[in-house]
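Engineer: Shown below is the structure under consideration.
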Amino acid sequence: MKIVEEKEVFERLDMKTCIGLMREALEALESGKASQSIRALTKLPHGEVFGFMPAYLGEDDYFGAKVVDSFPQNVGTGYSSHNGYVIVFESQHGTCVGLADAGAITQIRTGAVSGVATDLLARKDAKILGIIGAGAQGRSHLEAMLCVRPGIEQVKIYDIRPEAAQKYKEEMEAKFGKPITVCGTPKEAAEGSDIVCTVTPSKEAYLEADWIKSGAHVNAVGTFSPTTREATSALVAKSALYADQIEAMKKESGEYLVPLQEGLITEEHIRGSIGQVLLGQAQGRTSEEEVTLFDALGLAVEDVICGRYLCC
């Protein structure tokens with residue numbers, strides 16, 4: 003059995019490769035080749051979450067699960083906010099072939115999935131990127147956005163911790179050579195941006211509809227429960243809405259469920275999943291002025307396919 007720890011995951015699972023794996027995973031899930039169950043979550047005493055996410059990649063392929071916790075209070079400390087492993091099994095005899103660090107996989111594949119969505123939905127001439135959240139996902143998303151839209155010329159970053167945003171600016175400018183502006187408010191980061199990525203653990207919606215310019219694309223990534231969200235109901239109603247998986251969105255997404263309960267949208271407001279767009283089963287952007295919003299919950303097939311790449 004192979005064990006792939008964090009350092010090796012970051013060395014081997016580069017963003018370009020992971021974007022390709024995410025395309026494969028989303029197509030396999032939507033076509034019915036791959037399957038997964040809705041994640042099982044156990045709440046811990048102080049708001050932490052322990053999760054189990056199983057998936058099967060297809061006949062004669064691998065299966066496995068991500069077993070991981072979420073400790074939001076670790077943000078800004080020396081500890082990861084996500085800890086655990088992706089466990090991979092072969093399908094002929096059911097033996098475990100490997101473990102791969104779940105925190106590193108989650109960081110890379112989450113940015114990569116947004117990369118796939120952005121490549122499909124954002125305007126080709128996108129030049130300004132706004133990122134809200136200067137943690138690990140803020141870094142992952144910057145790399146992913148630059149992979150699919152290398153023409154980005156300006157990056158804006160906001161974090162509730164100004165020192166984190168300043169550190170992000172210094173590190174990411176050195177790494178990618180793009181000018182980065184530290185913003186004093188999330189509004190400042192979002193306004194005028196062609197692509198907006200929200201990657202915060204906020205429990206309350208803050209991204210307002212009137213902050214988002216005509217033709218922009220939004221990746222709403224930071225929350226994954228029925229009662230938490232980053233985008234306001236008005237923004238969701240204003241946008242063409244896309245899911246990583248429609249079934250998961252209808253059960254887990256606060257971005258979708260809250261405005262649905264408020265009567266601002268109907269079930270038909272979901273235009274499709276990213277896998278459906280990849281397969282030509284759902285329409286992508288319809289005009290240069292349309293606002294598109296991808297709500298990412300995170301899927302087990304995404305983790306298991308990364309585990310297969312690393313362990314097999």
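So that you can map any letter, position 298 of the sequence shown is 300 in the numbering used here, and since no number is skipped, the others follow by simple counting.
Note that the Cβ used here is the ideal one computed from N, Cα and C, for glycine as well.
As the structure is a prediction and not an experimental result, all values here were calculated from the model.
DSSP has asparagine 76 in a bridge; who is on the other side?
Structural biologist: Its beta-bridge partners do not exist; DSSP assigns none.
Engineer: Using 10 angstroms around the beta-carbon of methionine 251, count the other beta-carbons present and answer buried if the total reaches 16, otherwise exposed.
Structural biologist: Label assigned to methionine 251: buried.
Engineer: Taking its Cβ as the centre, do 16 or more other Cβ atoms sit within 10 Å of cysteine 98, making it buried, or is it exposed?
Structural biologist: Its Cβ having fewer than 16 others within 10 Å, cysteine 98 is exposed.
Engineer: I'd like the span of the alpha helix (DSSP H) that includes glycine 117, first residue to last.
Structural biologist: 104–123
Engineer: Three or more C-beta pairs closer than 8 Å, one from the segment 52–62 and one from the segment 33–40: is that the case here?
Structural biologist: Contact holds: three or more Cβ-Cβ distances are below 8 Å.
Engineer: Going by the CB atoms, is the gap between isoleucine 267 and valine 238 shorter than 9 Å?
Structural biologist: In contact: valine 238 and isoleucine 267 (Cβ atoms closer than 9 Å).
Engineer: If you follow the alpha helix (DSSP H) that methionine 251 is part of, which residue opens it and which one closes it?
Structural biologist: Looking at the DSSP string, the run of the alpha helix (DSSP H) that includes methionine 251 is 248–254.
Engineer: Nearest by alpha-carbon distance to leucine 43: which of Gly265, Gly274 and Glu254 is it?
Structural biologist: Glu254
Engineer: Please name the residue in Tyr81, Ala191 and Lys126 whose C-alpha comes closest to that of threonine 183.
Structural biologist: Ala191
Engineer: Return the chain-ordered list of same chain residues with a C-beta closer than 6 Å to the C-beta of threonine 108, the five sequence neighbours on each side being excluded.
Structural biologist: Sequence-distant Cβ neighbours of threonine 108 in its own chain, meaning closer than 6 Å and more than five residues away, are His84.
Engineer: What first and last residue would you give for the beta strand (DSSP E) that runs through leucine 243?
Structural biologist: 242–245
Engineer: Among residues of its own chain, excluding the 5 on either side of tyrosine 87, which ones have a beta-carbon nearer than 7 Å to its beta-carbon?
Structural biologist: Val69, Leu101, Ala102, Asp103 and Ala104
Engineer: Could you spell out the range, first to last residue, of the beta strand (DSSP E) harbouring lysine 158?
Structural biologist: 156–160
Engineer: Do leucine 312 and glutamate 29 have their CB atoms nearer than 9 Å?
Structural biologist: no
Engineer: In this structure, does DSSP put alanine 233 in helix, strand or coil?
Structural biologist: strand
Engineer: Rounded to whole angstroms, what's the CA-CA distance from valine 201 to serine 227? Just pull it up for me.
Structural biologist: 14 Å
Engineer: For the alpha helix (DSSP H) containing leucine 148, name the first residue and the last one.
Structural biologist: Note, leucine 148: alpha helix (DSSP H), 138–150.
Engineer: In the structure shown, what three-state DSSP assignment does tyrosine 81 receive?
Structural biologist: Here tyrosine 81 sits in coil by DSSP.
Engineer: Starting from aspartate 305 and walking both ways along the beta strand (DSSP E), at which residues does that stretch end?
Structural biologist: Secondary structure note for aspartate 305: it is in no beta strand (DSSP E), and the uninterrupted alpha helix (DSSP H) holding it is 302–313.
Engineer: Touching or not, the segment 256–275 and the segment 3–17, by the rule of three or more beta carbon pairs under 8 Å?
Structural biologist: no
Engineer: Measure how close the beta-carbons of proline 181 and tyrosine 160 come, nearest whole angstrom, since I'm counting them as under 8 Å.
Structural biologist: At roughly 16 Å, the Cβ-Cβ gap does not stay under 8 Å, so proline 181 and tyrosine 160 are not in contact.
Engineer: What separation, rounded to the nearest whole angstrom, lies between the Cα atoms of serine 204 and histidine 95?
Structural biologist: 43 Å
Engineer: Name the DSSP bridge partner or partners of aspartate 212?
Structural biologist: Looking at the DSSP assignment, aspartate 212 forms no beta bridge with any residue, so it has no partner.
Engineer: Am I right that valine 118 and arginine 25 are in contact with their C-beta atoms under 8 Å? What's the rounded C-beta distance?
Structural biologist: 6 Å
Engineer: According to the Cβ coordinates, are glutamine 283 and leucine 31 closer than 9 Å?
Structural biologist: no
Engineer: Please determine, among Asp71, Val90 and Ala176, the residue with the shortest C-alpha to C-alpha distance to aspartate 63.
Structural biologist: Val90
Engineer: Pull up the CB-CB distance for alanine 146 and glycine 113, whole angstroms please, since I reckon it's below 8 Å.
Structural biologist: 4 Å
Engineer: In whole angstroms, give me the CA-to-CA distance for methionine 3 and aspartate 297.
Structural biologist: Looking at the two C-alpha atoms, the distance is approximately 35 Å.
Engineer: Compute the Euclidean distance between the alpha carbons of glutamate 206 and glycine 277, then round it to the nearest angstrom.
Structural biologist: 28 Å
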